[in-house]
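Colleague: One structure, pasted below without further comment.
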Amino acid sequence: MSRVQLALNVDDVDEAVAFYSRLFGAEPAKRRPGYANFALDEPALKLVLIENPGHGGTLNHLGVEVPSPEDVVAATRRLSAEGLPTEVEDGTACCYALQDKVWVTGPGQERWEVYTVLADAGAELEGHTQQPDRSKHADQVRGDGACCAAADGNEAEPVRATASTCC
13 MSRVQLALNV
23 DDVDEAVAFY
33 SRLFGAEPAK
43 RRPGYANFAL
53 DEPALKLVLI
63 ENPGHGGTLN
73 HLGVEVPSPE
83 DVVAATRRLS
93 AEGLPTEVED
103 GTACCYALQD
113 KVWVTGPGQE
123 RWEVYTVLAD
133 AGAELEGHTQ
143 QPDRSKHADQ
153 VRGDGACCAA
163 ADGNEAEPVR
173 ATASTCC
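Read in order, the letters of the sequence shown correspond to residues 13 to 179 in our numbering.
Structure follows, in structure tokens:
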């Protein structure tokens, strides 16, 4: 199942979780310091909350969660064929998960990702990329990865991931 992702900056993640739990009648699928996500079936939505004090209520980024790495590859090919510049990230630890993804930027500089979650990942892996051999464990990573967070609320400028800034 594919679902749209909406990543919001919030001033206080605990307050936002309380509100969205009541709004959707659901608890978060994942909670980490400064981060929460709701994986909703109805509506089909992945709501990501990123604590970013002073930028609450602003868009962090948008996305489409797809079921498999093959779906990410297919999206990359389709987007490239449409003439859209793409940025591929395979085996990256972001949102406390190991992911394959492709990024495109809309006309208003809004960042969109098409991604799949490969495995759960701890905070120590945020912003790192797994070695190409997927048979290795997720702790086999190299640094200098960027995550889906934005610097100072600017969606067009990805920053190095940290436990409090990654999606």
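Note that CB positions come from ideal geometry on N, CA and C, so glycine has one too.
No experiment lies behind these values; they were computed from the predicted model shown.
Do residue 103 and residue 130 have their CB atoms nearer than 9 Å?
Modeller: Residue numbering aside, residue 103 sits at position 91 when the sequence shown is read from its first letter. Residue numbering aside, residue 130 sits at position 118 when the sequence shown is read from its first letter. Cβ distance < 9 Å, so residue 103 and residue 130 count as in contact.
Colleague: Per DSSP, which one or two residues make a beta bridge with residue 112?
Modeller: Taking the sequence shown and counting its residues from 1, the one referred to as residue 112 is at position 100. Bridge partners of residue 112: 128.
Colleague: At which residue ranges does the segment 27-104 contain complete beta strand (DSSP E) runs of 3 or more residues, listed in the order of the chain?
Modeller: Those beta strand (DSSP E) runs which fall completely within the segment 27-104 and span 3+ residues are 42-44, 47-52, 57-63 and 70-77.
Colleague: Taking just the CA atoms, how far does residue 119 sit from residue 38?
Modeller: Within the sequence shown, residue 38 is the residue found at index 26, counting from 1. Within the sequence shown, residue 119 is the residue found at index 107, counting from 1. Cα to Cα, the separation comes out at about 34 Å.
Colleague: Spell out a yes or no on whether the segment 27-45 and the segment 82-92 are touching, meaning 3 or more CB-CB pairs, one atom from each, closer than 8 Å.
Modeller: Counting Cβ pairs under 8 Å, fewer than three are found: no touch.
Colleague: Would you list the one or two residues that DSSP bridges to residue 17?
Modeller: Numbered from its first residue, the sequence shown carries residue 17 at position 5. The partner list for residue 17 (beta bridge, DSSP) reads 58 and 75.
Colleague: Can you list, in chain order, the residues of its chain with a C-beta nearer than 8 Å to that of residue 124? Leave out the 5 residues immediately preceding and following it.
Modeller: In the sequence shown, residue 124 corresponds to position 112, counting from 1. Here the set comprises 73, 74, 75, 76, 115, 116, 117 and 118.
Colleague: State yes or no: is the C-beta of residue 79 within less than 9 Å of the C-beta of residue 14?
Modeller: Residue mapping note: residue 79 aligns to position 67 of the sequence shown, counting from 1. Residue mapping note: residue 14 aligns to position 2 of the sequence shown, counting from 1. Against a cut-off of 9 Å, the Cβ pair of residue 14 and residue 79 comes out as a contact.
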